[in-house]
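Taken in order, the sequence shown gives residues 857 to 1335; the numbers are from my numbering.
We put the beta carbon where it would ideally sit given N, CA and C, even for glycine.
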Amino acid sequence: MSWQYLLAWLLPLFAGSGLVLAIGGGRRMPGNLCAMLGTGFLLGVFVAGILCSLIARENVQGAFADVAPWLAAIGILAWVAALGLRGKPWPEASFNKSGLGWRMVWCLLLAMIGLRIHSLASEVLLRPTFPWDAWAAWAVKPKAWFLLGHYAGYEPMQQWLANPGTTLRTSAIWDYPELLAWVQVWFASAVGGWNEPLINAVWLGVLVAIGLGSYGNWRVLGVAPLWAMILAYGLLSLPLIDAHVALAGYADLWLAATFGLAVLSWLRWLRWKEHGQLLLAVALAFCMPFIKLEGAVWLLIASVLAGLSLLPRRWRWMTVGAIVLMLGASLLFGGLVLPVFGLGWVHMNWGSVVVPALGKMDLQWHPVGVEMLSGLFTLPNWHLLWYLLPLVLVLRWRGFLVDQTARWLGILLLCCATFLFILFFFTEASAWAENYTSSNRLIMHLVPAVFTLLALLLRGVSVSGSDRAPESEAPNAPA
857 MSWQYLLAWL LPLFAGSGLV LAIGGGRRMP GNLCAMLGTG FLLGVFVAGI
907 LCSLIARENV QGAFADVAPW LAAIGILAWV AALGLRGKPW PEASFNKSGL
957 GWRMVWCLLL AMIGLRIHSL ASEVLLRPTF PWDAWAAWAV KPKAWFLLGH
1007 YAGYEPMQQW LANPGTTLRT SAIWDYPELL AWVQVWFASA VGGWNEPLIN
1057 AVWLGVLVAI GLGSYGNWRV LGVAPLWAMI LAYGLLSLPL IDAHVALAGY
1107 ADLWLAATFG LAVLSWLRWL RWKEHGQLLL AVALAFCMPF IKLEGAVWLL
1157 IASVLAGLSL LPRRWRWMTV GAIVLMLGAS LLFGGLVLPV FGLGWVHMNW
1207 GSVVVPALGK MDLQWHPVGV EMLSGLFTLP NWHLLWYLLP LVLVLRWRGF
1257 LVDQTARWLG ILLLCCATFL FILFFFTEAS AWAENYTSSN RLIMHLVPAV
1307 FTLLALLLRG VSVSGSDRAP ESEAPNAPA
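Pasting the structure below:
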């Protein structure tokens, strides 16, 4: 392992964690350190990719050398600002109230997570980019740029065929977002060659970031250590998520991590009014459309709900009613044209939806309920997650009444699930459910947030007699 490759991992962690601490630091709560490291790594990798896209377009193979000083400078400034303004942001670990037996269970789960990560690392480093979508969609652009030595634009296939002398390139996914492509360029330039196992190892880093960020933020939100570790193990051991690490190259794991950690930062703002966390949530959320097209939809839904959460309670229902009336009237009188960040101008009417990046989709019923239920409940993708979730909702429904963070998160997930229902049951995307492909991948985008909902609902349940959130971390009153 070269020192450049090692720095390609450490610099994003250094810069990103400094930014998280400088922007989102606040209450000294248990879990802040893990939350800072997990969210910081993901944010730092995105910053590295953005800098590569701005600085290294004419010298792709030298991206690391050109960008590393800028990333280091950002990290130094962020850490100086964070430590100078905030001081020590996390308290000593408060794990001594649990009995020895429960602490041993906590350590056993941590060891099992470590074993899982070790086995996944051996899988990632075993092979080059393997899944078809990974090398045909997500690796083709950065590999072409790296081998060329400079950035090259892509255009539609028809336009490319009509201009045989063009220097531009084409592919079936010419208009896909390019943030992950520049992340791959960052690691490839640090390696010094297009070494796919070493480049794809960052997918394992994203999995670790999900675990650290989720565990740490759950602790900040008042979840007891043992519950947080149980749920972290459940999340990191899901077969479909682990498959996206072992067969690295898809963008779905990145979108799931970004959406999940953005939601956690938003919930921390709702819970503790940490305004820096709201800024972090916005920063992560605006990265989603640059990861994958579906990220634009999750951003739109999350933005609407975040905007409603900023309003006084008496104005929320009036605003929702006004939006519904406006949408209904627009559809009745010729359709609706809606600008969606990351997708362009979306045209909607009663019979169809036109998305510039996807084309026209006719709206009609597609009976794919059996396939959807089979994908959730019978295929070995999710363990028992979709059996557990309804059970917790039924037994812990009162949590929505007393905790506004659980309530807002429940509304967000319900809106996202409604979009998926319309997508799979009313458009040609039903084919994705029939062949058990993208339906599971799109659901995976929401899974870290689903585990956060489980954590919030199980927060008041004691598993060790004394393993309960302290009074200062009790669920807040309705808002």
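> Which of the three DSSP states, helix, strand or coil, is assigned to Ser-873?
Replying inline: Looking at Ser-873 - three-state DSSP - the assignment turns out to be helix.
>> Does the region 1099-1110 come into contact with the region 1054-1071, if we say contact requires no fewer than three beta-carbon pairs (one atom in each stretch) closer than 8 Å?
In response: Two segments are said to touch when three or more pairs of C-beta atoms, one from each, lie closer than 8 Å; by this definition the region 1099-1110 touches the region 1054-1071.
> In its own chain, which residues sit with a C-beta less than 8 Å from the C-beta of Val-807, not counting the 5 before and 5 after it?
Replying inline: Nothing about residue 807 can be read from this structure; the chain reaches only from 857 to 1335.
> Secondary structure at Thr-895, three-state DSSP: helix, strand or coil?
Replying inline: Helix at Thr-895.
>> Between the alpha carbons of Phe-916 and Ser-1045, how many angstroms are there, rounded?
In response: Note on identity: in this sequence residue 916 is Val, with Phe being the wrong assignment. If you draw a straight line from the Cα of Val-916 to the Cα of Ser-1045, it comes to about 7 Å.
> Alpha carbon to alpha carbon, how far is Leu-1312 from Leu-1094?
Replying inline: Separation of Leu-1312 and Leu-1094 (C-alpha to C-alpha, rounded to the nearest whole angstrom) is 20 Å.
> Is the beta carbon of Tyr-1007 less than 9 Å from the beta carbon of Glu-1150?
Replying inline: One thing to note: Tyr-1007 has its Cβ no nearer than 9 Å to the Cβ of Glu-1150.
> When you compare each of Arg-1127, Leu-1120, Leu-1135, Ala-912 to Leu-1269 by their alpha carbons, which one comes out closest?
Replying inline: With distances taken between Cα atoms, Leu-1269 lies closest to Leu-1120.
> Would a C-beta distance cut-off of 9 Å place Leu-893 and Gly-1078 closer than the cut-off?
Replying inline: Against a cut-off of 9 Å, the Cβ pair of Gly-1078 and Leu-893 comes out as no contact.
> Could you give the residue range of the beta strand (DSSP E) that holds His-1203?
Replying inline: Run containing His-1203: 1200-1204, per the beta strand (DSSP E) assignment.
> Is DSSP giving Tyr-1089 helix, strand or coil here?
Replying inline: Helix, per DSSP.
> With which residues is Thr-1274 paired in a DSSP beta bridge?
Replying inline: Beta-bridge partners of Thr-1274 (DSSP): none assigned.
> What's the C-alpha gap between Ala-967 and Lys-1129?
Replying inline: Whole-angstrom Cα-Cα distance: 34 Å.
>> Taking the alpha helix (DSSP H) that Leu-1054 belongs to, which residues open and close that run?
In response: DSSP places Leu-1054 inside the alpha helix (DSSP H), whose first and last residues are 1052-1056.
> Are at least three pairs of beta-carbons, each pair with one atom in the region 1034-1050 and one in the region 1279-1293, less than 8 Å apart?
Replying inline: As far as the Cβ criterion goes, the region 1034-1050 does not touch the region 1279-1293, which means the pair count is below three.
>> What residue range does the beta strand (DSSP E) around Lys-1216 cover?
In response: For Lys-1216, the enclosing beta strand (DSSP E) has its first and last residue at 1215-1218.
> Should Leu-1232 and Ala-1273 be called a contact, given that it needs their Cβ atoms to be closer than 9 Å?
Replying inline: The answer is no: Cβ separation not under 9 Å.
> With 16 other CB atoms within 10 Å as the buried threshold, where does Gly-872 fall?
Replying inline: With a 10 Å radius around the Cβ and a threshold of 16 neighbouring Cβ atoms, Gly-872 comes out buried.
>> Can you find the residues in the same chain that come closer than 7 Å, C-beta to C-beta, to Leu-1096, ignoring five residues on each side of it along the sequence?
In response: Answer for Leu-1096: Asn-1237, Trp-1238, Asn-1296, Met-1300, listed in chain order.
> Going along the chain, which unbroken runs of the alpha helix (DSSP H) with 4 or more residues stay wholly within the region 973-1005?
Replying inline: With a minimum length of 4 residues, the unbroken runs of alpha helix (DSSP H) contained wholly in the region 973-1005 fall at 996-1004.
> Going by other Cβ atoms of all chains shown within 10 Å of its Cβ, with 16 needed for buried, is Ala-990 buried or exposed?
Replying inline: Under a 10 Å Cβ-count criterion, Ala-990 is classified as buried, with 16 or more other Cβ atoms of the shown protein chains found around its own Cβ.
>> Looking only at its chain, what residues have a beta carbon closer than 7 Å to the beta carbon of Asp-1031, apart from the 5 residues adjacent to it on each side?
In response: Closer than 7 Å at Cβ, skipping near neighbours: Ala-1213.
>> With three or more C-beta pairs closer than 8 Å as the rule, is the region 892-907 touching the region 1033-1040?
In response: By the C-beta criterion, the region 1033-1040 is judged to be in contact with the region 892-907, since at least 3 inter-stretch pairs fall below 8 Å.
>> With distance defined between alpha-carbon atoms, name the residue in Leu-1126, Trp-1206, Ser-1294 nearest to Asp-1259.
In response: Per the Cα distances, Leu-1126.
> Is Thr-985 buried or exposed, if buried means 16 or more other CB atoms sit within 10 Å of its CB?
Replying inline: Around the C-beta of Thr-985, 16 or more other C-beta atoms lie within 10 Å, and the residue is accordingly described as buried.
> Per DSSP, what kind of secondary structure is Arg-1297 in: helix, strand or coil?
Replying inline: Looking at Arg-1297 - three-state DSSP - the assignment turns out to be helix.
>> Relative to the C-alpha of Trp-1122, which candidate in Gly-1009, Ala-1262, Ala-1065, Leu-1087 has its C-alpha closest?
In response: For Trp-1122, the closest of Gly-1009, Ala-1262, Ala-1065, Leu-1087 by C-alpha to C-alpha distance is Ala-1262.
>> Quick check: what's the CA-CA separation for Ala-921 versus Tyr-1071?
In response: Annotation: Ala-921 to Tyr-1071 spans about 34 Å, alpha carbon to alpha carbon.
> What's the call for Trp-1171, buried or exposed, on a 16-neighbour Cβ count within 10 Å?
Replying inline: A residue is called buried when at least 16 other Cβ atoms come within 10 angstroms of its Cβ; Trp-1171 does not meet this threshold and is exposed.
> Among Glu-979, Asn-888, Glu-1011, Ala-1285, which residue has its Cα nearest to the Cα of Gly-1222?
Replying inline: Checking the sequence, you will find His at residue 1222 rather than Gly. The residue with the shortest Cα to Cα distance from His-1222 is Ala-1285.
>> Going by C-alpha to C-alpha distance, which of Asn-888, Leu-1082, Val-1196, Trp-865 sits closest to Arg-1124?
In response: For the set Asn-888, Leu-1082, Val-1196, Trp-865, the Cα lying nearest the Cα of Arg-1124 is the one of Asn-888.
> In its own chain, which residues sit with a C-beta less than 6 Å from the C-beta of Trp-1016, not counting the 5 before and 5 after it?
Replying inline: The answer, listed in chain order, is Thr-1026.
>> Using a Cβ-Cβ cutoff of less than 6 Å, which residues in the same chain neighbour Leu-1134 once the five nearest sequence positions on both sides are dropped?
In response: Around Leu-1134: Trp-1125.
> What residue ranges within the region 1224-1279 form continuous alpha helix (DSSP H) runs of no fewer than 4 residues, ordered along the chain?
Replying inline: DSSP runs (the alpha helix (DSSP H)) wholly in the region 1224-1279: 1225-1233, 1241-1251, 1255-1258.
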